[in-house]
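Peer 1: Quick one: the structure is below, and I'll ask about it shortly.
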């Protein structure tokens, strides 16, 4: 809000004030608004000081060099159109697919054979990969979403992420003794990985415990580099370390599921009747 005597105060050398109302609920818009207002006020201030200097007899160019001795020009690279909404939508959709894969995996109650359990995990992974890649292809072909890097890197990262998250859901089911409702509730933690990975909030501004945890988030090695691959041309080799991390993540999940499967007494080769009772009293679901 600009007060009534703003121009008069400014021309007569008195302190001129304005009031800014900022809706803190819209943090992204508020940050951009503050930057724009600061830029506008800086321009007004420089013009005001320039007129004062010229009134003292200083040549315009010398006055400009005196008032603003340093100039700068900003140029946006990688994302010149500033299509933040597209980037946000991509991360949200891929995270939703992961949550879906984890929740479906949490409903798998295979107790008879570890091989059949892995086949079910592979089937769920296939559906999740089709969903994730379908979202990306649809955005690219129909909505002008950019993708400038190796497609194989994106495909492999999607496959390994979906497989690891599916196994995470299965692990929750084994850990709860077949209680699908409780296992699905535990899978809700997947939604926080987008935040902790630094996709919506910069890692550099996080407290140090969160910075440490960031490296262990699958989305740090999936949706964050996927955004970079969409905007900047990258080769497969430049993203190979993320692919290797996700492969390791899948290997750890396989070992964890195998150990939990064995500890539950459902060794490979046993029939469902030989398996222990679940918490609900149903043997070998």
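Numbering (this note's numbering), first residue to last: 5 to 289. Beta carbons: idealized from backbone N, C-alpha and C, even for Gly.
What would DSSP say about residue 24, mapped onto helix, strand or coil?
Peer 2: If you number the chain shown from 1, residue 24 lands on position 20. Note: residue 24 maps to coil in three-state DSSP.
Peer 1: Could you check what DSSP says for residue 118 in three-state terms: helix, strand or coil?
Peer 2: Residue mapping note: residue 118 aligns to position 114 of the chain shown, counting from 1. If DSSP states are grouped into helix, strand and coil, residue 118 belongs with the helices.
Peer 1: I'd like the ranges of any alpha helix (DSSP H) spanning at least 4 consecutive residues and lying wholly in the region 198–223.
Peer 2: 212–218
Peer 1: Between residue 140 and residue 105, is the Cβ-Cβ spacing less than 8 Å?
Peer 2: For the purposes of this step, residue 140 is identified with residue 136 of the chain shown, where counting begins at 1. For the purposes of this step, residue 105 is identified with residue 101 of the chain shown, where counting begins at 1. Against a cut-off of 8 Å, the Cβ pair of residue 105 and residue 140 comes out as no contact.
Peer 1: Assess contact between the region 131–140 and the region 179–195, defined as three or more Cβ pairs (one per stretch) separated by less than 8 Å. Is contact present?
Peer 2: no
Peer 1: Distance, Cα to Cα, residue 162 vs residue 247?
Peer 2: The sequence position of residue 162 within the chain shown is 158, counting from 1. The sequence position of residue 247 within the chain shown is 243, counting from 1. Cα to Cα, the separation comes out at about 9 Å.
Peer 1: Between which two residues does the alpha helix (DSSP H) harbouring residue 262 extend?
Peer 2: As a first step, residue 262 must be located in the chain shown, where it is residue number 258. From DSSP, the alpha helix (DSSP H) with residue 262 extends over 244–267.
Peer 1: Would you decide whether residue 286 is buried or exposed? Buried here means 16 or more other CB atoms lie within 10 Å of its CB.
Peer 2: Here residue 286 is taken as the residue at index 282 of the chain shown, counted from 1. The pLDDT assigned to residue 286 is 31, lower than 50, so where the model puts this residue is not dependable, and the model offers no usable value.
Peer 1: For a test of the three-state rule: what should DSSP assign to residue 38, helix, strand or coil?
Peer 2: Mapped onto the chain shown, residue 38 falls at position 34. Here residue 38 sits in helix by DSSP.
Peer 1: Taking the runs of the alpha helix (DSSP H) that are 4 residues or longer, which of them lie wholly in the region 99–168?
Peer 2: 118–146
Peer 1: Select from 63, 235, 42 and 223 the residue whose C-alpha is nearest the C-alpha of residue 166.
Peer 2: Numbered from its first residue, the chain shown carries residue 166 at position 162. Measuring from the Cα of residue 166, the nearest candidate turns out to be 223.
Peer 1: Taking the alpha-carbon positions, what's the residue 244 to residue 194 distance?
Peer 2: Position 240 of the chain shown holds residue 244. Position 190 of the chain shown holds residue 194. Cα to Cα, the separation comes out at about 24 Å.
Peer 1: What is the DSSP secondary structure of residue 74, reduced to helix, strand or coil?
Peer 2: Within the chain shown, residue 74 is the residue found at index 70, counting from 1. Reduced to three states, the DSSP call for residue 74 is coil.
Peer 1: Could you check if residue 16 is buried or exposed, using at least 16 other CB atoms within 10 Å of its CB as the buried criterion?
Peer 2: As a working mapping, residue 16 is identified with position 12 in the chain shown. Classification of residue 16: exposed, given that the 10 Å Cβ count is below 16.
Peer 1: I'd like to know if the region 91–110 and the region 167–174 are in contact, where contact means that at least 3 CB-CB pairs between them fall below 8 Å.
Peer 2: yes
Peer 1: Using beta-carbon positions only, say whether residue 57 and residue 72 come within less than 8 Å of one another.
Peer 2: Taking the chain shown and counting its residues from 1, the one referred to as residue 57 is at position 53. Taking the chain shown and counting its residues from 1, the one referred to as residue 72 is at position 68. The answer is no: Cβ separation not under 8 Å.
Peer 1: Exposed or buried, which one is residue 22 when buried takes at least 16 other CB atoms within 10 Å?
Peer 2: Position 18 of the chain shown, counted from the start, is the residue given in the question as residue 22. Residue 22 is exposed by the Cβ-count criterion.
Peer 1: Give me the residue from 226, 49, 94 and 176 with the minimum Cα distance to residue 188.
Peer 2: What you label residue 188 is simply residue 184 of the chain shown in a count that begins at 1. Answer by Cα proximity: 176.
Peer 1: Less than 8 Å between C-beta atoms, sequence neighbours within five positions excluded: which residues of the same chain meet that for residue 3?
Peer 2: Residue 3 lies beyond the stretch modelled for the chain, which goes from 5 to 289, so this question has no answer here.
Peer 1: Express the C-alpha separation of residue 44 and residue 259 in angstroms, rounding to a whole number.
Peer 2: Translated into positions along the chain shown, residue 259 becomes position 255. Translated into positions along the chain shown, residue 44 becomes position 40. In a straight line, the C-alpha of residue 259 is about 58 Å away from that of residue 44.
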